[in-house]
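Peer 1: A single structure is presented below for examination.
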Amino acid sequence: MNLTALRNTGHTRQISHRNSGSSHGPIVRLMSPSDFGQLLKPFVFLDLFDAPSSFLGQMPVHPHSGIATVTVITEGNMHFDDPDAGSGTIGYGGVEWLRAGAGVWHGKELSSGTSARVQGFQLWLALPAELESAPVDSQYLEASATPQVGPARVIVGRYEGVQSPIRAPAGVNYLLVTIPAGESWTYTPPKGHRTLWLCVSRGAVHTPDKIESGEMVVFQPGHQALTLEAGNRDAVFVLGSAFPHPYDLKLGYYSVHTNDEALRAGEAKIAEIANRMRQQKTARQASASIPVFK
1 MNLTALRNTG HTRQISHRNS GSSHGPIVRL MSPSDFGQLL KPFVFLDLFD APSSFLGQMP
61 VHPHSGIATV TVITEGNMHF DDPDAGSGTI GYGGVEWLRA GAGVWHGKEL SSGTSARVQG
121 FQLWLALPAE LESAPVDSQY LEASATPQVG PARVIVGRYE GVQSPIRAPA GVNYLLVTIP
181 AGESWTYTPP KGHRTLWLCV SRGAVHTPDK IESGEMVVFQ PGHQALTLEA GNRDAVFVLG
241 SAFPHPYDLK LGYYSVHTND EALRAGEAKI AEIANRMRQQ KTARQASASI PVFK
């Protein structure tokens, strides 16, 4: 399908916002809860990382509450090791899911794999009220366990009748897509998914407007399908769609909740875990082990 035909499909949802983010070393921050997260909630945070695999060893142990983090790999691989969820390798199409819920400290469960470099995305999802204070839930899927529909890996949610094994709340889709050079693909959001965005990690796509590598775009709210065409090389991107999150975002430093009371409880739980870590001296051990502190 050429760009003229793409314009004539009627699947040309208008882009409302573009962002190339801000760099912090090997990480590009594309969305935070205080900016695009207000438009796209429950999607509230997005980082694109591209670095030597050794940078994973520099990640500090840090807390979260009220959210789920979703890490997907677009190039290279990582090793995972979690006392509750096993060990293995996450490559292209693999995923780490961590529902922080009531509160968690983590940061050492992922380490260098066999590749010299690694590229991928970390996304935060604001949890609904019934899950924001729930127990911690970790899942790791190797690529072979991530279902695929055409060029799309279903990381979170349900697409074209295929359900991701990730235990995410309903009403959210998150896909990892590779479109071969010169080919096109159409995404039809499930009914009620008015929020839609994507971010390209390699190559470029046309809507027909061009979206470059490293760029995130937000589409006008609506229900229309979206047709995308790759440029002169394979295009790799993540795409999210969802029911709008009906809550205001109550923000802590590493936390997002639906109300002030839940935020206070989450931050208190984070502090209690930190105190327990100090008492048990596990914070020092974390530099050599691979814990998730609950």
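In terms of full-length UniProt numbering, the sequence shown is residues 1 to 294. Glycine included, every Cβ here is placed at the ideal spot set by N, Cα and C.
Across which residues does DSSP place THR71 in a beta bridge pair?
Peer 2: Here residue 71 corresponds to residue number 71 of the sequence shown, with the count starting at 1. Answer is GLU96 and GLN122.
Peer 1: Would you report the Cα separation of GLY86 and SER241, rounded to the nearest angstrom?
Peer 2: By 1-based counting over the sequence shown, the position of residue 86 is 86. By 1-based counting over the sequence shown, the position of residue 241 is 241. Each residue's Cα considered, the two are about 30 Å apart.
Peer 1: Evaluate GLN139 with the Cβ neighbour count: other Cβ atoms within 10 Å of its Cβ, from every protein chain shown; 16 or more gives buried, anything less gives exposed.
Peer 2: The residue labelled residue 139 in the question sits at position 139 within the sequence shown. It is buried - the Cβ of GLN139 has at least 16 other Cβ atoms within 10 Å.
Peer 1: My output table needs one value for MET277: the three-state DSSP class, helix, strand or coil.
Peer 2: For this step, residue 277 is matched to residue 277 along the sequence shown. Helix.
Peer 1: Please say whether GLU109 and residue 326 have beta carbons closer to each other than 8 Å?
Peer 2: Any property of residue 326 remains undetermined from this structure, which presents the chain solely from 1 to 294.
Peer 1: Compute the Euclidean distance between the alpha carbons of residue 298 and GLY157, then round it to the nearest angstrom.
Peer 2: Any question about residue 298 goes unanswered here, given that the chain covers just 1 to 294.
Peer 1: Going by DSSP, what residue range makes up the beta strand (DSSP E) through GLY240?
Peer 2: As a position in the sequence shown, residue 240 is number 240, starting the count at 1. The continuous beta strand (DSSP E) containing GLY240 extends over residues 235–242.
Peer 1: Between ALA152 and ASN275, what straight-line distance do the alpha-carbon atoms span, to the nearest angstrom?
Peer 2: Taking the first residue of the sequence shown as position 1, residue 152 is located at position 152. Taking the first residue of the sequence shown as position 1, residue 275 is located at position 275. Straight-line measurement puts the Cα of ASN275 at about 43 Å from the Cα of ALA152.
Peer 1: What does the Cβ neighbour count give for GLU267, buried or exposed, with the cut at 16 atoms within 10 Å?
Peer 2: Here residue 267 corresponds to residue number 267 of the sequence shown, with the count starting at 1. That one is buried.
Peer 1: Anyone know if the C-beta pair for PHE237 and HIS106 falls short of 8 Å?
Peer 2: Along the sequence shown, read from residue 1 onward, the residue named residue 237 stands at position 237. Along the sequence shown, read from residue 1 onward, the residue named residue 106 stands at position 106. Result no, Cβ atoms of PHE237 and HIS106 do not sit closer than 8 Å.
Peer 1: How long is the line joining the alpha carbons of THR227 and TRP185, rounded to whole angstroms?
Peer 2: Here residue 227 refers to the residue found at position 227 when the sequence shown is read from its first residue. Here residue 185 refers to the residue found at position 185 when the sequence shown is read from its first residue. C-alpha separation (whole angstroms): 6 Å.
Peer 1: State whether the segment 58–69 contacts the segment 254–262, with contact taken as three or more CB pairs (one from each stretch) at a distance under 8 Å.
Peer 2: yes
Peer 1: Does the Cβ-Cβ distance between ALA134 and ARG99 come in under 8 Å?
Peer 2: Working through the sequence shown from its first residue, we reach residue 134 at position 134. Working through the sequence shown from its first residue, we reach residue 99 at position 99. Their beta carbons are under 8 Å apart, which means ALA134 touches ARG99 by this criterion.
Peer 1: Nearest-angstrom Cα distance between GLU215 and PRO42?
Peer 2: Sequence index remark: in the sequence shown, residue 215 carries index 215 (1-based). Sequence index remark: in the sequence shown, residue 42 carries index 42 (1-based). About 20 Å.
Peer 1: Cβ atoms of ASP260 and LYS269: under 8 Å apart, would you say?
Peer 2: Counting from 1 along the sequence shown, the entry for residue 269 is found at position 269. Counting from 1 along the sequence shown, the entry for residue 260 is found at position 260. Not in contact: LYS269 and ASP260 (Cβ atoms no closer than 8 Å).
Peer 1: Might you give, ordered along the chain, the residues of its own chain that have their beta carbon closer than 7 Å to the beta carbon of SER16, omitting 5 neighbours on each side?
Peer 2: Here residue 16 refers to the residue found at position 16 of the sequence shown. These residues qualify, in order along the chain: VAL218, PHE219 and GLN220.
Peer 1: Over what stretch of residues does the alpha helix (DSSP H) that includes GLY86 continue unbroken?
Peer 2: In the sequence shown, the residue the question calls residue 86 occupies position 86. Note, GLY86: premise wrong, no alpha helix (DSSP H); beta strand (DSSP E) at 86–90.
Peer 1: Apply the 10 Å Cβ neighbour rule to PRO189 and answer buried if 16 or more other Cβ atoms are within range, or exposed otherwise.
Peer 2: Within the sequence shown, numbered from 1, the residue matching residue 189 stands at position 189. Per the 10 Å Cβ criterion, buried.
Peer 1: Could you spell out where the alpha helix (DSSP H) holding LEU40 opens and where it closes?
Peer 2: Counting from one through the sequence shown, the residue named residue 40 turns up at place 40. Its alpha helix (DSSP H) spans residues 36–40.
Peer 1: Starting from ASN77, trace the beta strand (DSSP E) both ways and give me its first and last residue.
Peer 2: Within the sequence shown, residue 77 is the residue found at index 77, counting from 1. Looking at the DSSP string, ASN77 is not in any beta strand (DSSP E), and its letter there is neither H nor E.
Peer 1: Is it buried or exposed, HIS193, if we count other Cβ atoms within 10 angstroms and call 16 or more buried?
Peer 2: For this step, residue 193 is matched to residue 193 along the sequence shown. Classification of HIS193: buried, given that the 10 Å Cβ count is 16 or more.
Peer 1: From the DSSP output, in three-state form, read off ILE270 for me.
Peer 2: For this step, residue 270 is matched to residue 270 along the sequence shown. DSSP places ILE270 in the helix class (H, G or I) of the three-state scheme.
Peer 1: Rounding to the nearest angstrom, what Cα-Cα distance links SER23 and GLY103 in this structure?
Peer 2: To locate residue 23, count along the sequence shown from 1; it is residue 23. To locate residue 103, count along the sequence shown from 1; it is residue 103. The straight-line gap from Cα to Cα measures roughly 28 Å.
Peer 1: Reducing DSSP to helix, strand and coil, say where ASP260 ends up.
Peer 2: For the purposes of this step, residue 260 is taken as residue 260 along the sequence shown, with counting starting at 1. In the structure shown, ASP260 sits in a helix (DSSP, three-state: H, G or I).
Peer 1: For ALA265, name the three-state secondary structure that DSSP assigns.
Peer 2: Within the sequence shown, the letter at position 265 stands for residue 265. The answer is helix: DSSP assigns ALA265 an H, G or I state.
Peer 1: With DSSP collapsed to three states, give me the class of GLN58.
Peer 2: Here residue 58 corresponds to residue number 58 of the sequence shown, with the count starting at 1. Helix at GLN58.
Peer 1: Grab the span of the beta strand (DSSP E) containing LEU226 for me, first residue to last.
Peer 2: The residue you call residue 226 lines up with position 226 of the sequence shown. Start and end: 226–230.
Peer 1: Going by the beta-carbon positions, is the gap between THR258 and THR12 smaller than 8 Å?
Peer 2: Your numbering for residue 258 matches position 258 in the sequence shown. Your numbering for residue 12 matches position 12 in the sequence shown. No; because the gap between Cβ atoms is not below 8 Å, this pair is not in contact.
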